[in-house]
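Numbering (the numbering used here), first residue to last: 190 to 401.
Okay, structure coming up:
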């Protein structure tokens with residue numbers, strides 16, 4: 190999860206008046222939050238000149254892991270008692286949630302989960318079934334990000350892809366766009382051991398949909 194996801198959802202909460210009961214689909218009790226402003230602030234800026242050409246580069250700081258913090262139950266500002274459903278905790282997979290939670294939630298949030306699912310269309314159909322009429326789905330997912338299996342890493346999405354998938358389930362599309370777009374020139378380094386410190390670009394997009 191990105192810090193900018195939390196910033197985005199706070200904005201959407203104000204815009205749409207999000208309410209409980211809320212489900213965090215595939216979320217964690219204390220997720221790791223990546224604040225890329227930390228990495229960019231620590232990058233080494235160099236001004237170079239070669240054959241009369243000048244340019245500036247940013248070298249990633251050698252400690253990239255310091256951008257991560259743990260935040261317990263990040264959606265309490267919407268619903269203090271919200272439910273987390275994650276197979277890691279013994280909960281059903283998202284596709285199976287309608288058996289227990291049909292027409293239950295006013296808000297469903299899914300952050301950095303959609304890239305890991307096996308079939309995004311089936312997951313979207315299940316999410317539609319658990320949202321109450323008039324309720325909201327917020328889905329944030331990477332478009333450009335290193336491979337990160339948990340336990341699988343299967344897909345990347347554009348806003349147009351999210352719209353196509355969620356509308357096919359019956360949702361009404363309200364808005365969506367890229368909310369994170371950081372160039373690899375900004376001094377962010379990869380944290381995967383085999384490529385640690387290599388310049389890394391980050392892009393992520395979101396969708397806001399309603400069940401009418």
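Glycine is no exception: its CB is placed at the ideal position from the N, C-alpha and C atoms.
- Note that the C-beta distance between residue 377 and residue 252 is not below 8 Å.
- Residue 379 carries a coil assignment under DSSP once its states are collapsed to helix, strand and coil.
- Taking all protein chains shown into account, residue 249 has 16 or more neighbouring C-beta atoms within 10 Å of its C-beta and is therefore buried.
- A contact between stretches requires three or more CB pairs, one per stretch, nearer than 8 Å, and the region 275–291 fails this requirement with the region 234–246.
- Following the DSSP letters along the chain, one finds residue 296 inside the beta strand (DSSP E) bounded by residues 294–300.
- Runs of the beta strand (DSSP E) spanning 3 or more residues and lying entirely within the region 337–374 occur at 361–371, in chain order.
- Secondary structure at residue 400: coil, using DSSP grouped into helix, strand and coil.
- Note on residue 258: under 16 other CB atoms within 10 angstroms of its CB, so exposed under the neighbour-count rule.
- Taking 8 Å as the cut-off, the beta carbon of residue 346 is found closer than this to the beta carbon of residue 394.
- A distance of 8 Å or more separates the beta carbons of residue 326 and residue 302.
- When secondary structure is reduced to three states using DSSP, residue 229 falls in the helix class.
- In this structure residue 209 touches residue 268 by the C-beta definition: roughly 3 Å separates them, less than 8 Å.
- Distances from the alpha-carbon of residue 217 to those of 204, 231, 277 put 277 closest.
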